[in-house]
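A.B. asks: So the sequence shown is numbered by full-length UniProt numbering: it starts at 1 and just counts up by one. For every residue, glycine included, the Cβ atom is placed at its ideal position computed from N, Cα and C. Computed from a predicted model, the values in this text were never measured in an experiment.
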Amino acid sequence: MNRIVKILIVIVVLVVIVLTGAGMYFYNYAVVPSEKDFLAGDTPGTDVEVKTPEEKWFKDEKSRSYWELTSKDGLKLKAIYLPAEGKTDKNVIMAHGYMGSAETMASFAKMYHDWGYNVLVPDARGHGESEGDYIGFGWPERKDYLQWIDKMIAENGKDAQITLYGISMGGATVMMTSGENLPKNVKAIVEDCGYSTVNEELAYQLKDMFNLPAFPLVPVTSLITKIRAGYFFGEASSVAQLKKNKVPMLFIHGDADKFVPFEMLDEVYNATDVPKEKFVVSGAGHAKAYTVDPKAYKAKVESFLTKYVD
């Protein structure tokens with residue numbers, strides 16, 4: 001073996017070591033559940049301190065109970081359940097944002113509860129009270145939501161009408177769930193500022209936060225994620241799942257969103273061929289559409305749902 005070949009081998013080994021180290025760093029930074037300083041309040045679900053009447057209501061509601069199930073891969077998943085004040089077939093299953101929890105969905109839970117819905121708010125795997133040591137970005141969670149749907153039907157009857165609602169990563173979760181074989185009980189889906197694909201979202205964040213290109217770090221981290229968490233980033237596509245969707249959908253986004261870029265709205269909206277509507281809130285940053293204009297937000301969601309939920 002000549003000297004040049006030896007040098008090339010050393011270089012290749014060093015590159016592999018550096019890329020593996022960088023991939024592990026980014027895996028821990030993005031995929032392992034932990035406090036994320038880069039969120040800085042930009043995504044709902046990072047602050048569980050009681051500050052609003054809705055949050056106080058959510059914590060103090062006397063009818064609040066707790067549901068749980070075991071995922072197909074053996075994780076114990078938890079959820080908060082709030083029954084409607086009267087008997088109803090209307091139900092909503094909610095999905096919170098990245099590093100959020102059921103406890104941080106108070107405003108949206110109150111909104112649906114005020115409309116007479118039974119409200120179920122799961123903690124995603126790796127979040128809140130649910131088990132798990134990685135973030136699935138909506139991909140493994142879509143299978144968990146199939147189980148929550150089945151449990152809702154089992155608990156509330158075969159005539160249960162179900163709406164799926166998600167915000168941020170939760171928006172991506174319900175979009176990814178939409179492509180599965182859903183029971184006819186699922187009548188409508190509302191997503192707020194979910195991303196088009198995990199690859200596109202992570203590439204955007206790498207450029208935005210570190211000024212780094214997606215290649216080779218995203219593919220390397222994706223391989224590590226497959227080994228450690230069981231999925232490739234490339235599998236986690238809202239767009240691909242929406243192409244199989246058969247459920248009416250409402251898409252919401254703020255036009256000042258710099259975390260999940262506003263441009264992704266048209267990408268997900270155009271991916272599905274079902275009865276659908278789009279709601280853009282002017283001046284709203286990431287997951288802030290409700291905060292910026294709660295009256296219009298409620299009116300739009302309610303008017304959309306009345307078309308598909310009796």
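Should TYR290 and ALA188 be called a contact, given that it needs their Cβ atoms to be closer than 7 Å?
C.D. replies: At the C-beta level, TYR290 and ALA188 stay beyond 7 Å of one another.
A.B. asks: Using beta-carbon positions only, say whether SER196 and SER238 come within less than 7 Å of one another.
C.D. replies: Yes, these two residues count as a Cβ contact at 7 Å.
A.B. asks: Spatial neighbours of GLU201 within its chain, please: CB distance less than 6 Å, with the 5 preceding and 5 following residues excluded, ordered by chain position.
C.D. replies: TYR195
A.B. asks: Less than 8 Å between C-beta atoms, sequence neighbours within five positions excluded: which residues of the same chain meet that for PRO261?
C.D. replies: TYR204
A.B. asks: Buried or exposed for GLU103, going by 16 or more other Cβ atoms inside 10 Å?
C.D. replies: buried
A.B. asks: Which residue or residues does DSSP assign as beta-bridge partners of PHE108?
C.D. replies: According to DSSP, which records beta bridges pairwise, PHE108 is partnered with nothing at all.
A.B. asks: Please look up how many angstroms separate the CB atoms of GLN147 and LEU69, rounded, as I've assumed it's under 8 Å.
C.D. replies: 5 Å
A.B. asks: On a Cα-Cα basis, can you pick out the residue from ALA124, GLY23, LEU206, LYS151 that is closest to GLY166?
C.D. replies: ALA124
A.B. asks: Should ASP31 and ILE135 be called a contact, given that it needs their Cβ atoms to be closer than 7 Å?
C.D. replies: One detail in the question is off: residue 31 reads as Val in this sequence, not Asp. Annotated as proximal: VAL31 and ILE135, with beta-carbon spacing under 7 Å.
A.B. asks: Taking only the alpha-carbon atoms, compute the straight-line gap between residue 312 and PHE215 and give it to the nearest angstrom.
C.D. replies: Within the shown structure, residues of the chain are numbered from 1 to 310, placing residue 312 beyond reach of any answer.
A.B. asks: Using only CA atoms, which one of LYS246, ASN181, ASN199 lies nearest to THR225?
C.D. replies: It is ASN199 whose Cα lies nearest to the Cα of THR225.
A.B. asks: Smallest Cα separation from ASP192: which of ALA22, TRP57, TYR98?
C.D. replies: Minimum Cα-Cα distance from ASP192 among the listed residues ALA22, TRP57, TYR98 corresponds to TYR98.
A.B. asks: Could you tell me how far apart the beta carbons of PHE251 and VAL268 are, in whole angstroms, since I believe they sit closer than 8 Å?
C.D. replies: 6 Å
A.B. asks: Thinking MET94 and LEU77 are a contact (beta carbons under 8 Å), I'd like their distance in whole angstroms, please.
C.D. replies: Contact doesn't hold; Cβ gap of about 14 Å is too wide.
A.B. asks: Smallest Cα separation from ALA160: which of TRP67, VAL280, PRO213, TYR117?
C.D. replies: Distance from the Cα of ALA160 is smallest, within the candidate group TRP67, VAL280, PRO213, TYR117, for TYR117.
A.B. asks: Would you kindly report the start and end of the unbroken alpha helix (DSSP H) that includes MET264?
C.D. replies: Element bounds for MET264: 264-269.
A.B. asks: Shortest alpha-carbon distance to HIS113 belongs to which of ASP133, THR163, ASN185?
C.D. replies: THR163
A.B. asks: For GLU49, does the count of other Cβ atoms within 10 angstroms reach 16, so buried, or fall short, so exposed?
C.D. replies: Any reading at GLU49 is ruled out, since the residue's pLDDT is 46, under 50, leaving its predicted position unreliable.
A.B. asks: So TYR204 is in the alpha helix (DSSP H); what residue range does that whole segment cover?
C.D. replies: Looking at the DSSP string, the run of the alpha helix (DSSP H) that includes TYR204 is 198-205.
A.B. asks: What three-state label does DSSP hand VAL274 in the structure shown?
C.D. replies: coil
A.B. asks: For ASP47, which residues in the same chain have their Cβ closer than 6 Å to its Cβ, ignoring the five residues on either side in sequence?
C.D. replies: With a pLDDT of only 44 at ASP47, under 50, the local geometry of the prediction cannot be trusted, and the value read off the model is given with reservation. Excluding sequence neighbours, ASP47 sits near nothing in its chain.
A.B. asks: Around the Cβ of LYS288, are there at least 16 other Cβ atoms within 10 angstroms (buried) or fewer (exposed)?
C.D. replies: buried
A.B. asks: For ASP208, which three-state DSSP category applies?
C.D. replies: helix
A.B. asks: Excluding the 5 residues preceding and the 5 following SER63 in the sequence, name in chain order all residues of the same chain whose CB lies nearer than 7 Å to its CB.
C.D. replies: LEU82, PRO83
A.B. asks: Which residues in the same chain as VAL174 place their Cβ atom closer than 6 Å to its Cβ, once the five residues preceding and following it in sequence are excluded?
C.D. replies: ALA95, LEU164, GLY166, ILE189, GLU191
A.B. asks: Against chain B, with Cβ distances strictly below 7 Å, would GLY166 count as a contact?
C.D. replies: Absent from the structure is chain B; it holds one protein chain and no more.
A.B. asks: Name the two residues that bound the continuous beta strand (DSSP E) containing TRP139.
C.D. replies: Taken as a continuous stretch (DSSP letters only), TRP139 belongs to no beta strand (DSSP E), being part of the alpha helix (DSSP H) at 139-156.
A.B. asks: Tell me, which residues are paired with TRP67 by DSSP?
C.D. replies: ALA79
A.B. asks: Which residue's Cα is closest to the Cα of VAL218: ASP144, SER282, GLY23, ARG3?
C.D. replies: GLY23
A.B. asks: Spatial neighbours of VAL220 within its chain, please: CB distance less than 6 Å, with the 5 preceding and 5 following residues excluded, ordered by chain position.
C.D. replies: LEU19, GLY23
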